[in-house]
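For the sequence shown, the working numbering begins at 48 and goes up steadily by one.
By construction, the Cβ of each residue, glycine as well, lies at the ideal position given by its N, Cα and C atoms.
Working notes, beginning with the structure itself.
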Amino acid sequence: MIPAVMPVYSRADVQFERGQGAYLFDSEGRRYLDFASGIAVTSLGHCHPALVAALSEQANKVWHTSNLFRVPGQENLAKRLTDLTFADTVFFTNSGVEAWECGVKLIRKHFYSKGQPEKNRIIVIEGAFHGRTLGAISASKAEKMVKGFGPLLDGFDQVAFGNLNELRAAITPQTAAINIEPILGEGGIKPATVEYMKSLRQIADEFDLLLFFDEIQCGMGRTGKMFAHEWAGVAPDVMCVAKAIGGGFPLGACLATEDAASGMVAGTHGSTYGGNPLAMAVGIAAVDIISQPAFLENVRTQAAALHGELEKVIARHPSIFVELRGVGMMLGLRCADNIVNLDLVNALRHHGLLSVGAAENVIRLLPPLIIGSSEIAEACAIIDKTASELTAASAATQV
Numbered sequence: 048m049i050p051a052v053m054p055v056y057s058r059a060d061v062q063f064e065r066g067q068g069a070y071l072f073d074s075e076g077r078r079y080l081d082f083a084s085g086i087a088v089t090s091l092g093h094c095h096p097a098l099v100a101a102l103s104e105q106a107n108k109v110w111h112t113s114n115l116f117r118v119p120g121q122e123n124l125a126k127r128l129t130d131l132t133f134a135d136t137v138f139f140t141n142s143g144v145e146a147w148e149c150g151v152k153l154i155r156k157h158f159y160s161k162g163q164p165e166k167n168r169i170i171v172i173e174g175a176f177h178g179r180t181l182g183a184i185s186a187s188k189a190e191k192m193v194k195g196f197g198p199l200l201d202g203f204d205q206v207a208f209g210n211l212n213e214l215r216a217a218i219t220p221q222t223a224a225i226n227i228e229p230i231l232g233e234g235g236i237k238p239a240t241v242e243y244m245k246s247l248r249q250i251a252d253e254f255d256l257l258l259f260f261d262e263i264q265c266g267m268g269r270t271g272k273m274f275a276h277e278w279a280g281v282a283p284d285v286m287c288v289a290k291a292i293g294g295g296f297p298l299g300a301c302l303a304t305e306d307a308a309s310g311m312v313a314g315t316h317g318s319t320y321g322g323n324p325l326a327m328a329v330g331i332a333a334v335d336i337i338s339q340p341a342f343l344e345n346v347r348t349q350a351a352a353l354h355g356e357l358e359k360v361i362a363r364h365p366s367i368f369v370e371l372r373g374v375g376m377m378l379g380l381r382c383a384d385n386i387v388n389l390d391l392v393n394a395l396r397h398h399g400l401l402s403v404g405a406a407e408n409v410i411r412l413l414p415p416l417i418i419g420s421s422e423i424a425e426a427c428a429i430i431d432k433t434a435s436e437l438t439a440a441s442a443a444t445q446v
């Protein structure tokens, strides 16, 4: 018999009752160091007082009015985001994939409005992940996501990550945009190089394409800058963000330049809940904290310390780990071929550390951006202990 909750998730048998800072506590009172952050969502940790206060205050005023009326919080948060970024305008959503879908629609409408409706195809990257809607899985083309859901939506041409020659060869008179995650998240924590990012901007300009960045996971301070593309000194025309922008409250946003969004006029897009007063209150609080230069400087400092300690762990356990990937606090440990990454995720959880799997046999470490030296030491000690146990178990089976 099918359970009341549709069984589409492979869940760990753990129930969390409360969280505080970098820690979660389960129904049995056990404490876990949270280096998953709800998959890069709770970047300010659990129950951050500023976010709790913002949500509580707004909850006692008004929850929902719909977008039939002005929502002051939208105007306030949009102004903050446009002041911080390349963008001139923002559309608010409830999730990352909705923000990505908005970006796809915006791109097609841009060229339609310019009298170029034939420019409606988007070049996407192999290994990228943009969400689970039919449009997003059509862009991903990964078998595990598309099997059984065909026919897929047309309009996406996939090329290899980092291969500029293949990307150039894929451009046709129908190409409208290039869409990329500056750091592949689900795809294995693979950062794009500065040179690659700059070349994408140059190619987009050369062929009159829009450059569309997906910073749903890598944005909002995760790399030590407000957005990951800032490391390359380039700017997109369109960008989708989510996850950490709401600190755990459902919120996403599609940002665009005035030119890119020129076709988006009244009636072309909408959302019942997107940009509701509750989400805006929390989003404003989260952005105000994360965007502070001192906050981002501390992220870079702690990230460098975490990176250094993880390198030491890898050096001590070459039969378990083969590589450390990533930027800032978006890190991945690639496991040796004889180790299954999800088995190690489970073992780490058994010892009180939460992490997330990814492609290419990688374990993602996505801690709250508020961690300090004590949490770094605790996490690395757990990883070290778990790796030692796996090494000992492997040796025992070979005797």
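- For Phe138, the enclosing beta strand (DSSP E) stretches over residues 136 to 140.
- A Cβ-Cβ contact shorter than 7 Å links Ala394 with Thr433.
- Sequence-distant Cβ neighbours of Ser187 in its own chain, meaning closer than 8 Å and more than five residues away, are Val171, Ala175, Phe176, His177, Val193.
- Judged by DSSP in its simplified three-state form, Val288 adopts strand.
- Under DSSP, Pro50 takes part in no beta bridge, so it has no partner.
- Residue burial is scored here from C-beta neighbours: Phe260 has at least 16 other C-beta atoms within 10 angstroms and is therefore classed as buried.
- In the same chain as Cys265, and ignoring 5 residues on each side of it, the C-beta atoms closer than 6 Å to its own belong to Pro229, Ile230, Ala275, Met377, in chain order.
- Sequence-distant partners of Ile336 (beyond 5 residues in either direction) whose C-beta falls short of 7 Å from its own C-beta, in its chain, are Leu91, Ala97, Phe342.
- By the CB criterion at 7 Å, Gly355 and Gly271 fall outside the cutoff.
- Per DSSP, the beta-bridge partners of Pro238 are Ile230.
- Annotation for Asp201: no beta strand (DSSP E) segment contains it, and DSSP assigns it neither H nor E.
- With fewer than 16 other CB atoms across the displayed protein chains lying within 10 angstroms of its CB, Ser421 is exposed.
- Restricting attention to Tyr243, Glu277, Val329, the CA atom closest to the CA of Gln121 is found in Val329.
- The criterion of a C-beta distance shorter than 7 Å is not satisfied by Glu173 and Ala134.
- Judged by pairs of C-beta atoms under 8 Å, the segment 384 to 403 does not touch the segment 288 to 307, as fewer than three such pairs exist.
- Within the model, the alpha-carbon separation for Asp284 versus Ala224 is close to 10 Å.
- For His93, the secondary structure class from DSSP, reduced to helix, strand or coil, is strand.
- Per DSSP, the beta bridge partners of Leu257 are Ala224.
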